[in-house]
Amino acid sequence: MVRLGLRLTLRSGREAVTRLVVTAAAVAAGVAIMLAVLADFHAFQVTSARPDWEATTAMRPAAGAAAGRTELWNYSNEVFRGQTIERLDVAALGSRAPVPPGLQRLPAAGQYYASPALAALLRSAPRDQLAGRYPGTLAGTIGARALTGPGELVIVVGRTPAALAALPDTIKVDKIATSPGQQVWSSYFRDAFAVGALAFLLPILILIGTATRLASARREERYAALRLVGATSADVAILASVDAVVSALLGAAAGVGLFMLIRPALAGTAITSARYFPAEVTPPAWGYLAILAGVPAAAAVTSVLALRRVRLTPLGVSRRVAPSPPSTWRIAPLLAGAVLFVAGMLLTTSQNIGAPAFPGLLVIMIGLVIGGPWLTERAARLLPATGRASSILAARRLADNPKAAFRSVSGLVLAVFLGTVVAALLPAVNATTATPSARALSNVLLDGFTASPVCGNTVNCTGSPGPGAGGAGSARVRAMALNGLPPAAGSRLMAGLAAFRGATAVPVYALPLSRQPGPGGKPSGGPPAGPPARLPEFTAVVGCGGISEIGALGRCRPHAGYAKANTLNLFGDNPTYTTQPIVNRASPAYHGDVRRLFLQAVLVKVSSRAELERVRTYLITHTEESVSGSAPRTFGEAVSARLSVAATVQRLVDIAVALTLLVAGCSLAVAAGGGLVERKRPFTMLRLTGAPAGTLYRVVLTEAIAPLVAATLVAAGTAYGISLLTIAKMAPPGTPLPGLGHVYYLTMGAGLAVSLLVILATLPLLSRITGPEHVRFE
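Numbering of the sequence shown is given in my numbering, commencing with residue 34 and proceeding in unit increments.
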């Protein structure tokens, strides 16, 4: 029977060959997309599991490291043109000091190693904007073992022990961390991958199932004829399985080949805001085996299930009975998903960032697919009310088999659901982060300063390696010493900034605290034993003339020279709070001598991107005696950092929506074309009895539009309700309700219009196969 099945599949005329090619092509498209998703997810997992050498901690105070196996280590971040640069300053304290991954040896003082992407930037960017930050010369490039991707910017700078010991936060290291990093957003991205994968995995499975069912009615007639001449049910099952397995196996092999062609392009995509190394963008071996074995097996099962009525009796095709209508229980998974989502949102906190709600979201998407036939059957009941012949015919067809009618549009329904969630949520997230004040401060650079190291930190007051690692006690000492640069150093820094023509520098002076710093920026009485005293409401002094030029950070009372300011929120990482005014007309004036105050921070308003990088390079290279508490960055860059996570999730969902629309379009085309071929006889008979071709066209369009409209309305309404609940739970008070902008309507309208065009493209086939010349049937 297998040989007979191969002969019927490969040598049964042009119709069989056409069906084989179309089915294989549809399967190939689905397989290529599935492999691409597996490849990107595998690359994401490999990157997440990379040894987190950046998390290296100081050696324990009591640990006795082997002679010559220690080094000084100072890890920090910098910014260049909105990109983060990971910087490691290192100094060996022995001949066998540990070497970070990606390097053959530690750089000597006056040398540095850079990642390939950063080395290219160092060559192309003007020296006063980037290379001037790093003392010495480029000695080589960092290998891939230390990087998450080819675009990562990393530099390892060699320093002398004395110079590095003088910097705050320098630690003594005897071994480098090798365990994977615990990224805050890794689980969140993994959940977003799961949601996106499910969104287009279901349409892909439907596409493969639809393709294997292509012209199933015509094949049912052939298999029923074989039953009449003595074939058993098992024989028919084998024949159907051979037909499905051959087309699915050819399609799976073609899909693997197609994936190999697009794989280089996948390596260049930045799905999670980072490019992957090409060797990592590949599914694991089990992924290839599962595709090559699972797709043909699924196609065989689908084909056998599709012919289950033929197995009952040889006359089963002639005595076809309409399937039972979908019961109300099909809507239960959708309702259960909504309940799970609400329960997940109630469990959501600022730490899990909505993760408990993801299972409910997945169940809702599954519920939309399961409940679609029930919605289709309900929509079919409303069509006869129009009184048009085409509506009545379409309603009878939809009511006869609502599962098949909904199957071809299920992918479009999922795309509408995900698109609505993104369109409603992300503008609200962006509105709370990219506030008008943040946009107005996008060209204002902020650099905050800490005092020099104090006794009790990881490096002692004399500059020699100190005991232990920074802990809670060290953090408390640094908090008490956060008065900034001493007056003399602050004056020199401001004088240097005044030389930049395209920049306006505004100093922020620290108000004297109860514990005045002694010489060198150290508290005169030593570190306190208890927690730091609560800072007063006014913590700084700003010049009213300079702050008025910035505008968004407030204005002083008229005629005031200096005013007391509240800078408690200025150094946070949330632009919603850091961009609030620090002074207003009620702020008291300051009449003391600002030349005796420590420089807590500096605000620099720049006129161009080039000037921004020059100023940033100057600040980095001229504050080494008291390293900045955070990398100098603009408020706009802080907004971009906060929005990067939302942008990554949006990118994942956008890709899912795009792929879902692509797969749904293919499935719709296969289903529409196959449906016309299967109904060649009834449509031809209708033409012979006087039905105009336009009526048949409207029947086909109505059969596709009715289930799509019914299900998309429910999907869009459910998605919008989810967005309202999410914003009410997670957004700050006063956040406006989500609105669906014109981009959403244009995108969804374009997707539905393309789907309509797919249906319209099949209508010429209807006119061609239902002409009077085709009245004879074989």
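All C-beta atoms in this analysis are idealised placements derived from N, C-alpha and C, irrespective of residue type, glycine included.
The beta carbons of leucine 151 and leucine 186 sit about 4 Å from each other, so the pair counts as a contact at 8 Å. For the 8 Å CB-CB criterion, valine 616 and glycine 587 form a contact.
For tryptophan 106, the enclosing beta strand (DSSP E) covers residues 104 to 113.
For arginine 120, the enclosing beta strand (DSSP E) starts and ends at 116 to 125. When the alpha-carbon of alanine 412 is set against those of Ile403, Val539, Ser424, the nearest one is in Ser424. For valine 402, the three-state secondary structure derived from DSSP is helix.
Apart from the 5 residues on each side of it in sequence, threonine 728 sits with its Cβ closer than 7 Å to the Cβ of Ala422, Ser423 in its chain, given in chain order. The residues Asn476, Leu478, Gly535, Ala536, Leu645, Val648, in chain order, have a CB closer than 7 Å to that of valine 639 in the same chain once the five nearest residues on each side in sequence are set aside. With respect to the C-alpha of threonine 803, the residue from Val747, Tyr753, Ala285, Arg720 having the closest C-alpha is Arg720. Here asparagine 602 is exposed. Its C-beta has fewer than 16 other C-beta atoms within 10 Å.
Put simply, the backbone Cα of isoleucine 209 is about 13 Å away from that of arginine 178. Less than 8 Å separates the beta-carbon of tyrosine 145 from that of isoleucine 188.
The C-alpha of valine 732 lies about 11 Å from the C-alpha of leucine 709. Its chain contains no residue whose beta carbon lies nearer than 7 Å to that of valine 54 once the 5 sequence neighbours on both sides are disregarded. Distance between serine 524 and alanine 147, taken at the CA atoms: about 34 Å. The residues Val35, Gly38, Leu39, Thr42, in chain order, have a CB closer than 7 Å to that of valine 275 in the same chain once the five nearest residues on each side in sequence are set aside. Look at valine 787 here: in three-state DSSP terms it is helix. Secondary structure at valine 575: strand, using DSSP grouped into helix, strand and coil. By the 16-neighbour rule on beta-carbons within 10 angstroms, methionine 781 is buried. By the Cβ rule, the stretch 325 to 332 counts as touching the stretch 282 to 291, because three or more pairs are nearer than 8 Å. Shown here for leucine 779: not one same chain residue has a beta carbon closer than 7 Å to its own, the five before and five after excluded. Note on geometry: alpha-carbon atoms of glycine 750 and alanine 744 lie some 10 Å from one another. Per DSSP, reduced to three states, the secondary structure at glutamine 633 is strand. Measuring C-alpha to C-alpha distances from alanine 88 to each of Asn110, Ala748, Leu71 identifies Asn110 as the nearest. Membership of lysine 713 in the alpha helix (DSSP H) is indicated by the continuous run 713 to 721.
At the C-beta level, phenylalanine 439 and proline 417 stay beyond 8 Å of one another. Each residue's CA atom was taken as its position, placing serine 700 and serine 441 some 6 Å apart. For threonine 174, the three-state secondary structure derived from DSSP is strand. Per DSSP, leucine 154 is one residue of the alpha helix (DSSP H) stretching across 149 to 157.
Glycine 481 is bridged by DSSP to Ala634. Straight-line measurement puts the Cα of leucine 451 at about 11 Å from the Cα of isoleucine 755. DSSP places glutamine 137 outside both helix and strand once states are collapsed to three, so it counts as coil.
If you draw a straight line from the Cα of lysine 762 to the Cα of tyrosine 753, it is about 14 Å long. Nearest to valine 396 by alpha-carbon distance, out of Leu415, Ala365, Glu410, is Ala365. Spatial neighbours of cysteine 577 in its own chain (CB-CB distance under 7 Å, excluding positions within 5 residues in sequence) are listed in chain order as Cys589, Ala593, Gly594, Tyr595, Ala596. Between alanine 65 and leucine 238, the C-beta spacing is not below 8 Å.
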